[in-house]
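Asks:
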Amino acid sequence: MVPAEIRRRGDRPSRPRAHLQARHADRARRRCARIGGAARRAGQHAPPYALYRISDRHPELARRRPHHLRRPRGRGGAVVCRLSGRGAVGRERPRQDLVCAGEVPPLVPSAARRDGARHAAGAELPGSGLLKPAAAAAHLRRRAAELGFDSCRIAAPQSSPEQAERLATFLAAGRHGTMDWLAEEPERRADPRALWPEVRAVVMLGVNYGPAADAWAALARPECGVVSVYARNRDYHDVIKGRLKMLGQSLAARAGGSFKVFVDTAPVMEKPLAARAGLGWQGKHTNLVSRDFGSWLFLGALFTTLELPPDAPESDHCGRCRACLDACPTDAFPAPYQIDPRRCVSYLTIEHKGPIDRALRRGIGNRIYGCDDCLAACPWNKFAEAGRETKLAARDDLAAPALADLAELDDAAFRARFSGSPIKRIGRDRFVRNVLIAIGNSGDAGFLPILARRLGDGSALVRGAAVWALARLATPDAFDAARARHLAAENDANVRDEWRLGADDI
Ligand code: B12
Ligand code: SF4
Ligand code: SF4
1 MVPAEIRRRG
11 DRPSRPRAHL
21 QARHADRARR
31 RCARIGGAAR
41 RAGQHAPPYA
51 LYRISDRHPE
61 LARRRPHHLR
71 RPRGRGGAVV
81 CRLSGRGAVG
91 RERPRQDLVC
101 AGEVPPLVPS
111 AARRDGARHA
121 AGAELPGSGL
131 LKPAAAAAHL
141 RRRAAELGFD
151 SCRIAAPQSS
161 PEQAERLATF
171 LAAGRHGTMD
181 WLAEEPERRA
191 DPRALWPEVR
201 AVVMLGVNYG
211 PAADAWAALA
221 RPECGVVSVY
231 ARNRDYHDVI
241 KGRLKMLGQS
251 LAARAGGSFK
261 VFVDTAPVME
271 KPLAARAGLG
281 WQGKHTNLVS
291 RDFGSWLFLG
301 ALFTTLELPP
311 DAPESDHCGR
321 CRACLDACPT
331 DAFPAPYQID
341 PRRCVSYLTI
351 EHKGPIDRAL
361 RRGIGNRIYG
371 CDDCLAACPW
381 NKFAEAGRET
391 KLAARDDLAA
401 PALADLAELD
411 DAAFRARFSG
421 SPIKRIGRDR
431 FVRNVLIAIG
441 NSGDAGFLPI
451 LARRLGDGSA
461 LVRGAAVWAL
471 ARLATPDAFD
481 AARARHLAAE
491 NDANVRDEWR
501 LGADDI
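Residue 497 in UniProt numbering sits at position 497 of the sequence shown; the count goes up by one each step and never skips.
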């Protein structure tokens, strides 16, 4: 069964029990996927997760002719597809094109063909031609490294009452804020088997995205914006997702079973699972810290119906350190190992759609998309090297972008500038809101002409942020004069409030 679609958070489930979510999704901007070689049309979208069911129940299929030779061509659309052994290997290359065409690294085909050559694993192959668990795990690690994953370990998919309880406490305190998707189906989020009863092993993958240079030099330059390290080039979801699928296909081809892949695409708690698999431990900043890569590791998950031998979990190496807690500019850690996202700059600048709480705007400084302060403070980063994935390496124009340019972006210019970037997903208005807050924090009255233009912006979100920035940069008289010109014509309640409050609480 190969519904080779990926659904982003917020998209509606295409079938029951398929309520999935991705952190950085935007339901308005679905990507086209490809199925059966036919590009999907605009408006079509991918299903909740990739599911590839290999003929684990029918190993004899391994000895049949390759699937693409058995099936009449040209049907397109979703197909039923059972793959195993050499047949599956033969299919591996064409199916790289099914999703995210153009984003799949080109190194697979030859390796995939070698996978099927049965060149070295004779002793490990049972009668079905499929690898046994230990050999399958070895194959998995080798293939993961070839595909560019820096870490690959396996966890058993057992439930964790402790996780469920912590998640419940988090949700009960309302810490998810406006991320409603985080509160949906907590029982499935806390237990991989509730999400997919057939899962027998959870493979956790890490991709190092350590910055090559001092990534925060722009924090000291108030005329520039700071984009968090993860968002300075291509969207990691897209980069990792394609590789996870290739890895799953390769595993299924050699060892059978079905698989699903996740990178922020489902109610999966990736950090605790990665800690259980031994990729690292959940640090006091709540993210996974690795001995090898510090805090700079993206996570992805591959669930499989194969029984694979689990790795040992990693233990906590935070000790008495609290560098991350002290580094937070908005005091988002109510306690070690706990975050209140509603105070986190990452949540405020990326996830939160409306006006940002006035009390937190100053702490945002010139961070215009996400925040890395707690990650950057971690002493374990000293063992980290720069990430090797070029698609994630910083774009020059995002190292220290000029706020003056960004504040003038209209929708078309925004889309053009951030095509392929995760930043595109928050849309022009939310982005310019962030830029205006950074301008308000700059202390630079040179921005006043730009603010004057944004006071008449078509977006109330942008106008409100411009009013706040004006209150911070203009003299009281100049602010009063602008208020006299604009307030009477303003029909948005939030913007009117900004005009009324002026510099009162800032
Ligand atoms: C929602 C979300 C956010 C939210 C909430 C953050 C959070 N910490 O939960 C916001 C928008 C703030 C956010 C920000 C960021 N995110 Co985020 N985010 C997610 C997402 C989609 C879900 C996380 C989740 O389930 N949160 C819910 C809460 C309940 O989970 P929790 O933090 O693990 O909370 C637990 C702890 O508090 C723990 N706990 C409580 N007491 C104790 C005591 C001890 C001893 C221990 C060990 C644990 C513990 O129990 C809680 C429940 O399990 C994941 C992807 C995924 N599906 O997992 C990415 C993910 C966590 N994000 C990621 C990244 C990179 C970021 C940012 C760095 C991006 C940026 N530069 O702006 C920041 C970092 C901010 C931070 N300090 O966490 C990466 C982290 C990679 C890693 N190495 O861990 C992930 C895994 C995405 C990915 N696939 O790589 N994110
Ligand atoms: S990402 Fe920034 S704002 Fe969020 S918890 Fe870490 S340091 Fe605080
Ligand atoms: S900065 Fe210190 S406390 Fe925070 S995660 Fe790193 S080691 Fe742990």
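Here a beta-carbon is modelled for each residue, glycine too, at the ideal position from N, C-alpha and C. All of these numbers come straight from a predicted model, not from anything done at the bench.
Helix, strand or coil for Tyr236 per DSSP?
Replies: Residue mapping note: residue 236 aligns to position 236 of the sequence shown, counting from 1. Helix, per DSSP.
Asks: Is there at least one non-hydrogen atom of ligand 2 closer than 8 Å to the beta-carbon of Ile339?
Replies: Taking the sequence shown and counting its residues from 1, the one referred to as residue 339 is at position 339. Correct: Ile339 has its Cβ closer than 8 Å to ligand 2.
Asks: If you reduce the DSSP assignment to three classes, tell me which class Leu501 lands in.
Replies: The residue given as residue 501 occupies position 501 in the sequence shown. Helix at Leu501.
Asks: How about Gly370: is its Cβ closer than 8 Å to a heavy atom in ligand 2?
Replies: Here residue 370 is taken as the residue at index 370 of the sequence shown, counted from 1. Correct: Gly370 has its Cβ closer than 8 Å to ligand 2.
Asks: Please confirm whether Leu473 and Gly443 have their CB atoms less than 9 Å apart.
Replies: Within the sequence shown, residue 473 is the residue found at index 473, counting from 1. Within the sequence shown, residue 443 is the residue found at index 443, counting from 1. Contact flag set, yes.
Asks: Rounded to whole angstroms, what's the CA-CA distance from Ala465 to Ser315? Just pull it up for me.
Replies: Position 465 of the sequence shown, counted from the start, is the residue given in the question as residue 465. Position 315 of the sequence shown, counted from the start, is the residue given in the question as residue 315. Each residue's alpha carbon lies about 44 Å from the other.
Asks: Is any heavy atom of ligand 1 found at a distance shorter than 8 Å from the C-beta of Cys374?
Replies: Taking the first residue of the sequence shown as position 1, residue 374 is located at position 374. Under cutoff, so the answer is yes.
Asks: What residue range is occupied by the uninterrupted alpha helix (DSSP H) comprising Asn287?
Replies: Numbered from 1 along the sequence shown, position 287 holds the residue referred to as residue 287. Looking at the DSSP string, Asn287 is not in any alpha helix (DSSP H), and its letter there is neither H nor E.
Asks: Quick check: the Cα distance between Val435 and Glu270, rounded to an integer number of angstroms?
Replies: What you label residue 435 is simply residue 435 of the sequence shown in a count that begins at 1. What you label residue 270 is simply residue 270 of the sequence shown in a count that begins at 1. Cα-Cα distance, rounded: 31 Å.
Asks: By the 10 Å Cβ neighbour count, where 16 or more other Cβ atoms means buried, how is Ala493 classified, buried or exposed?
Replies: Taking the sequence shown and counting its residues from 1, the one referred to as residue 493 is at position 493. Result: exposed.
Asks: Should Pro422 go down as buried or exposed, given a rule of 16 or more other Cβ atoms within 10 Å for buried?
Replies: Within the sequence shown, the letter at position 422 stands for residue 422. Buried, since its Cβ has 16 or more Cβ neighbours within 10 Å.
Asks: Of all residues in the structure, which have a C-beta closer than 6 Å to any heavy atom of ligand 3, taken in chain order?
Replies: Here the list is Gly283, Lys284, His285, Val289, Cys318, Cys321, Arg322, Ala323, Cys324, Ala377, Cys378, Pro379, Trp380.
Asks: Would you report the Cα separation of Lys241 and Leu299, rounded to the nearest angstrom?
Replies: Taking the first residue of the sequence shown as position 1, residue 241 is located at position 241. Taking the first residue of the sequence shown as position 1, residue 299 is located at position 299. Taking the straight line joining both Cα atoms gives about 10 Å.
Asks: Between Ala155 and Ala277, which are expected to be in contact by the criterion C-beta below 8 Å, what is the C-beta distance as a whole number of angstroms?
Replies: Numbered from its first residue, the sequence shown carries residue 155 at position 155. Numbered from its first residue, the sequence shown carries residue 277 at position 277. Contact flag correct, Cβ pair sits at about 4 Å.
Asks: Give the range of the beta strand (DSSP E) segment to which Val203 is assigned.
Replies: Stepping through the sequence shown from its first residue, residue 203 is reached at position 203. From DSSP, the beta strand (DSSP E) with Val203 extends over 201-208.
Asks: Under DSSP, the alpha helix (DSSP H) around Cys321 begins and ends at which residues?
Replies: Locating residue 321 in the sequence shown gives position 321, where the first residue counts as 1. Cys321 -> no alpha helix (DSSP H), and no H or E assigned at all.
Asks: May I have the straight-line CA-CA distance separating Glu146 from Arg243, to the nearest angstrom?
Replies: By 1-based counting over the sequence shown, the position of residue 146 is 146. By 1-based counting over the sequence shown, the position of residue 243 is 243. About 10 Å.
Asks: In whole angstroms, give me the CA-to-CA distance for Cys318 and Phe303.
Replies: Counted from its first residue, the sequence shown places residue 318 at position 318. Counted from its first residue, the sequence shown places residue 303 at position 303. Cα to Cα, Cys318 sits roughly 29 Å from Phe303.
Asks: Hey, would you say Leu375 sits closer than 9 Å to Cys324, going by beta carbons?
Replies: As a first step, residue 375 is located in the sequence shown; it is residue number 375 there, counting from the start. As a first step, residue 324 is located in the sequence shown; it is residue number 324 there, counting from the start. Yes, these two residues count as a Cβ contact at 9 Å.
Asks: Please name the residue in Lys132, Ala275, Phe293, Gln282 whose C-alpha comes closest to that of Val207.
Replies: Mapped onto the sequence shown, residue 207 falls at position 207. The option with the nearest alpha carbon to Val207 is Phe293.
Asks: Considering just the uninterrupted stretch of the alpha helix (DSSP H) at Leu182, what are its terminal residues?
Replies: Along the sequence shown, one-based indexing puts residue 182 at 182. That run of the alpha helix (DSSP H) goes 180-183.
Asks: For Asp191, I'd like the list of residues in its chain whose CB is within less than 6 Å of its CB, leaving aside the five on either flank, ordered along the chain.
Replies: Position 191 of the sequence shown holds residue 191. Closer than 6 Å at Cβ, skipping near neighbours: Ser159.
Asks: Let me know the secondary structure DSSP gives Trp296 once reduced to three states.
Replies: Position 296 of the sequence shown holds residue 296. Correct three-state label for Trp296: coil.
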